[in-house]
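Residue 365 is where the sequence shown starts when you use our numbering, and the numbers rise one by one after that.
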Amino acid sequence: MSHLESKFDLYWRAIGGPKLTSEHRFMAARRWRFDRAHLPTKIAIEIEGGIWAGGRHTRGSGFAADCEKYNSAAMEGWTVLRLTSVDRVTLSLFAEFIRSRGNGIQ
């Protein structure tokens, strides 16, 4: 688990965010996984690390692969929220969005 993912989990618990599944495999044929997913609402959260250090998500092949993954997810009915950093304000907005889509589902 990356530093950003650990920070995400710590803050998510602190704000009382809805229950999320870690490393949810959403398309078995491609072995694609979401960092965190709220299964009842099909909302995924991707924690994009290494964007300032030339990491996978910012290099051509990695960016293209991410586009393919996120487009496939959208066609399967998923909403994908992407993070490049972790802060309580943004996570509070994400938690409220999930709650609003799930009519209070935790």
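Yeah, the Cβ is synthetic: ideal placement off N, Cα and C, and Gly gets one too.
Length of the line joining the Cα atoms of residue i and residue j
i, j, result
"tryptophan 442", "methionine 391", "11 angstroms"
"lysine 433", "serine 386", "17 angstroms"
"aspartate 430", "phenylalanine 461", "23 angstroms"
"aspartate 373", "asparagine 467", "23 angstroms"
"serine 425", "tryptophan 396", "16 angstroms"
"phenylalanine 427", "arginine 465", "28 angstroms"
"leucine 447", "phenylalanine 458", "10 angstroms"
"lysine 371", "isoleucine 411", "10 angstroms"
"alanine 463", "leucine 403", "Reading off the sequence shown, one finds arginine at residue 463, where the question assumed alanine. Whole-angstrom Cα-Cα distance: 12 angstroms."
Residue from the options whose Cα sits closest to the Cα of residue i
i, options, result
"isoleucine 407", "Leu384, Lys371, Asp451, Thr448", "Leu384"
"glutamate 369", "Phe398, Arg389, Arg394", "Phe398"
"valine 453", "His402, Ser464, Ser366, Gly381", "Gly381"
"histidine 445", "Ile379, Ile409, Met365", "The sequence shown places leucine at residue 445, not histidine. The shortest C-alpha separation from leucine 445 is found at Ile409."
"arginine 389", "Glu440, Ser366, Leu447, Arg465", "Glu440"
Residue i (DSSP reduced to helix, strand or coil)
i, result
"tryptophan 396", "strand"
"methionine 365", "coil"
"threonine 385", "strand"
"threonine 443", "strand"
"glutamate 410", "strand"
Residues near residue i in its chain [Cβ-Cβ closer than 7 angstroms; skip 5 each side]
i, result
"tyrosine 375", "Val450, Arg452, Leu455"
Neighbourhood of residue i by C-beta, 8 angstroms cutoff - its chain only, sequence neighbours within 5 removed
i, result
"serine 436", "Met391, Arg394, Trp396"
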